[in-house]
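Under our numbering, think of the first position of the sequence shown as 89, with each following residue one higher.
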Amino acid sequence: MTIREPDGTEHRMTRWTNALPWYINHIDFINKDPKHLAEYMSQWNGMREDWENHISVCKKERHISWGDNCCKFNFPMTPCYAPYPFLAPVEYGLVLVDMQKDIILSCQGYCHPGNMHVNKHISISNAEDWQRAQDLFDAGKIKSIEELGKPVKMPKTMDKLKKMRHMVTLKLDLSPFKIIHVDEGDYVTLKEETA
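See below:
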């Protein structure tokens, strides 16, 4: 995951994509709210500091390895979330958010930026998810809705969505951001898009 802020500050990190839907599919992301970015970055910043506080000893003793925490990191995930000095896919992909050019480049298969899934029956879709959906709805940022992959008429209020029986996918308008999807393994296109 790499993020370039509107002022040009870059954050290059190795990071799992679990928090990506919360970060991108959010009205505060669309509005480039610095508090939203700070909240997203807080966990990684803590692990980055943990890495920087331990890396000299770890390098000297040559014993950094995943899982054994022999460097006495404060967070067990620190080696996985280490600072990442270059732009390249790691494990299952790469996501680049450029807040200067308003581009989201996604080369991964975990989540689809611009698709938000909500369901009243699963704990993942808690009150915060519904509030994010409401905020996007109020801002006119929901382009279409699907229930189990079938289009659903756009309701006048969010209350109707909460009554649907199955998973609901909200197709979002993330403008001003343009989403560029690159298939996993298509590194030629990826190189062209990041040039």
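No residue lacks a Cβ here, since even glycine has one placed at the ideal position from N, Cα and C.
Exercise. Do LYS259 and GLY202 have their C-beta atoms within less than 8 Å of each other?
Worked result: yes
Exercise. Does the beta carbon of THR257 fall short of 7 Å from some heavy atom of the ligand COA?
Worked result: Ligands in the displayed structure: none, and consequently the ligand COA is not present.
Exercise. For GLN222 versus MET204, is the C-beta distance shorter than 8 Å?
Worked result: no
For this session: Could you pull out every residue in the same chain whose Cβ sits closer than 7 Å to the Cβ of ASP190, ignoring the five residues on either side in sequence?
Result: PRO264, PHE265 and LYS266
Exercise. Hey, quick one: how far does the beta strand (DSSP E) through GLN196 stretch, first residue to last?
Worked result: 191-196
Problem set entry | Proximity to CYS146 [Cα-Cα], best of ARG136, LYS160 and ASN133 | Closest option to CYS146, Cα to Cα, is LYS160.
Problem set entry | Bounding residues of the beta strand (DSSP E) (the contiguous stretch that carries GLU93) | Segment: none, GLU93 is in no beta strand (DSSP E) and carries neither H nor E.
Exercise. What's the C-alpha gap between VAL270 and TRP132?
Worked result: 25 Å
Exercise. Taking the alpha helix (DSSP H) that ASP186 falls in, what are its first and last residues?
Worked result: Counting along the chain, ASP186 falls outside any alpha helix (DSSP H), though it belongs to the beta strand (DSSP E) covering 181-186.
Exercise. Shortest alpha-carbon distance to ASP95 belongs to which of GLY197, LEU125 and PRO243?
Worked result: LEU125
For this session: Return the bridge partner residues of ASN203 from the DSSP annotation.
Result: LYS259
Exercise. Where does the unbroken beta strand (DSSP E) through GLU272 begin, and where does it stop?
Worked result: It is not in any beta strand (DSSP E) - GLU272 carries neither H nor E in the DSSP assignment.
For this session: Take every Cβ of the stretch 106-123, pair it with every Cβ of the stretch 222-231, and state whether three or more of those distances are shorter than 8 Å.
Result: Contact holds: three or more Cβ-Cβ distances are below 8 Å.
Exercise. Exposed or buried, LYS123, counting other C-beta atoms within 10 Å across all chains shown (16 or more means buried)?
Worked result: exposed
Exercise. Near TYR169, what residues of its chain come up, given a Cβ to Cβ distance below 7 Å and the 5 sequence neighbours on each side ignored?
Worked result: MET101, THR102, ARG103, TRP132 and MET135
Problem set entry | Length of the line joining the Cα atoms of HIS234 and VAL185 | Rather than His, the amino acid found at residue 234 in this sequence is Glu. Computed Cα separation, rounded: 26 Å.
For this session: Could you work out which residue in LEU262, PRO109 and LEU236 is closest to MET252 when comparing CA atoms only?
Result: That would be LEU236, whose Cα lies nearest to the Cα of MET252.
Exercise. The beta strand (DSSP E) spanning PRO109 covers which residue range?
Worked result: Run containing PRO109: none in the beta strand (DSSP E); it sits in the alpha helix (DSSP H), 108-112.
Exercise. Going by alpha carbons, who is nearest to TYR111 out of THR97, VAL183, PRO167 and GLU140?
Worked result: VAL183
Problem set entry | Pairwise C-alpha distance: GLU93 and ASP217 | 25 Å
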